[in-house]
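*Asks:* Heads up: the sequence shown at position 135 corresponds to 151 in the numbering used here, and the numbers run straight through without jumps.
The C-beta atom is built at its ideal place from N, Cα and C for all residues, glycine as well.
Just so it is clear, the structure is predicted and the values come from calculations on it, not from any experiment.
Attaching a single structure in structure tokens format; questions to follow.
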Amino acid sequence: MNLFDFLFPPVCPHCGTHVQQQGDWCDACIEEVLHVRQVPPKLLSSLDSAWILADYRGGIKSMIYDVKFNEKKEQSKGAAPFLASYNLRMHEYKPHYVIPIPSSAEKKKVRGYNQVDLFFYHWVVSFSKYDYDDCTIEDKAEKDLNDCLDKKSGYYKWFDCLYKMDTHKEMWALSNTERHSTIDTAFMWNESYDSTLIRDKRILLVDDIYTTGATLESVARILRKYNPKYIEALTLASGSF
Ligand SMILES: [Zn+2]
17 MNLFDFLFPP VCPHCGTHVQ QQGDWCDACI EEVLHVRQVP PKLLSSLDSA WILADYRGGI
77 KSMIYDVKFN EKKEQSKGAA PFLASYNLRM HEYKPHYVIP IPSSAEKKKV RGYNQVDLFF
137 YHWVVSFSKY DYDDCTIEDK AEKDLNDCLD KKSGYYKWFD CLYKMDTHKE MWALSNTERH
197 STIDTAFMWN ESYDSTLIRD KRILLVDDIY TTGATLESVA RILRKYNPKY IEALTLASGS
257 F
């Protein structure tokens, strides 16, 4: 046992039961919310498929909330056991690019991070481990890692290629139609990246919560312009259905 574990014994983030190592959940709290399913195809338009890993309640709801609104960055490790339930699909599907749904520059500045990066980034990098191991220490300085991975032939490249404009309209105050049109104008391709990279490629879009699907559909619509082969979405949780 190391000193940190001695001082802060690893406990389930939801119920406080003792667990094997930091970041683990107890089985009961995982089982309570783990619910891997696909969004029915008839509800999708620009997305080819969409997966949800858990019901948005209990431990995962408080974890996402803490990371988003209480600046508890380290809680994001709690996403790992849920993501593990998608590992098999990740090996089968082999996305070329994993694209996070960005938060606006304004929100990122206030929070200091995009929570989607915290939940998914290290998990995604673990799939491109062999490519990753080939990158030099200098490459691994965050900003050059993508450049290095881009030069490799492998899959699972983290590609933060979208930009979200700051919108001062309160989303919740809008009608459904208005919400759709506002979201449509909120995301853009970040012009500092070459959009031809995704042509004929498999894309995995990642986000924390699936609500109406409007955000993911809107982003998929933007990506469609650049002719990817397939667009799948993966979200941690949904309370919508
Ligand atoms: Zn628990």
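(1) Ligand 1 and residue 30: does any heavy atom of the ligand fall closer than 7 Å to the residue's C-beta?
(2) For residue 251, which residues in the same chain have their Cβ closer than 8 Å to its Cβ, ignoring the five residues on either side in sequence?
(3) Reducing DSSP to helix, strand and coil, say where residue 219 ends up.
(4) Among residues of its own chain, excluding the 5 on either side of residue 54, which ones have a beta-carbon nearer than 8 Å to its beta-carbon?
(5) Rounding to the nearest angstrom, what Cα-Cα distance links residue 46 and residue 136 in this structure?
(6) Where does residue 79 land, buried or exposed, given buried means 16+ other C-beta within 10 angstroms?
(7) Could you name the residues that DSSP lists as bridge partners for residue 33?
(8) For my contact list, residue 219 and residue 246 are in at a C-beta cut-off of 8 Å; report their separation, rounded to the angstrom.
(9) Going by DSSP, what residues sit across from residue 54 in a beta bridge?
(10) Counting C-beta neighbours from all protein chains within 10 Å, is the total for residue 324 16 or more, i.e. buried, or is it exposed?
(11) If you follow the alpha helix (DSSP H) that residue 233 is part of, which residue opens it and which one closes it?
(12) Taking the beta carbon of residue 134 as the centre, do at least 16 other beta carbons fall within 10 Å, making it buried, or is it exposed?
(13) If you run the structure through DSSP and keep just helix, strand and coil, what is residue 25?
(14) Go through its chain and collect everything with a Cβ distance to residue 50's Cβ below 6 Å, but skip five positions before and after it.
*Replies:* A quick look at the data gives this:
(1) Taking the first residue of the sequence shown as 1, we reach residue 30 at position 14. Flag set: Cβ of residue 30 near ligand 1.
(2) As a position in the sequence shown, residue 251 is number 235, starting the count at 1. 66, 67, 68, 69, 222, 223, 224, 225, 226, 232, listed in sequence order.
(3) Position 203 of the sequence shown, counting from 1, holds the residue named residue 219. Of the three classes helix, strand and coil, the one that applies to residue 219 here is strand, per DSSP.
(4) The residue given as residue 54 occupies position 38 in the sequence shown. Counting only Cβ-Cβ distances below 8 Å, and skipping sequence neighbours, we find 65, 66, 67, 68.
(5) Looking up residue 46 in the sequence shown gives position 30. Looking up residue 136 in the sequence shown gives position 120. Cα to Cα, residue 46 sits roughly 18 Å from residue 136.
(6) Here residue 79 refers to the residue found at position 63 when the sequence shown is read from its first residue. The residue is buried, with at least 16 neighbouring Cβ atoms inside 10 Å.
(7) Residue 33 sits at position 17 when you count from the first residue of the sequence shown. None, per the DSSP bridge assignment.
(8) Residue numbering aside, residue 219 sits at position 203 when the sequence shown is read from its first letter. Residue numbering aside, residue 246 sits at position 230 when the sequence shown is read from its first letter. Between residue 246 and residue 219 the Cβ distance is about 7 Å, and since that is below 8 Å, they are a contact.
(9) Locating residue 54 in the sequence shown gives position 38, counting from the first residue. Paired residues: 67.
(10) It is not possible to answer for residue 324, since the shown part of the chain is limited to 17 through 257.
(11) Translated into the one-based positions of the sequence shown, residue 233 becomes position 217. Taken as a continuous stretch (DSSP letters only), the alpha helix (DSSP H) holding residue 233 covers 230–240.
(12) What you label residue 134 is simply residue 118 of the sequence shown in a count that begins at 1. Label assigned to residue 134: buried.
(13) Taking the first residue of the sequence shown as position 1, residue 25 is located at position 9. Coil, per DSSP.
(14) Here the question's residue 50 lines up with position 34 in the sequence shown. Excluding positions up to five away in sequence, the list reads 70.
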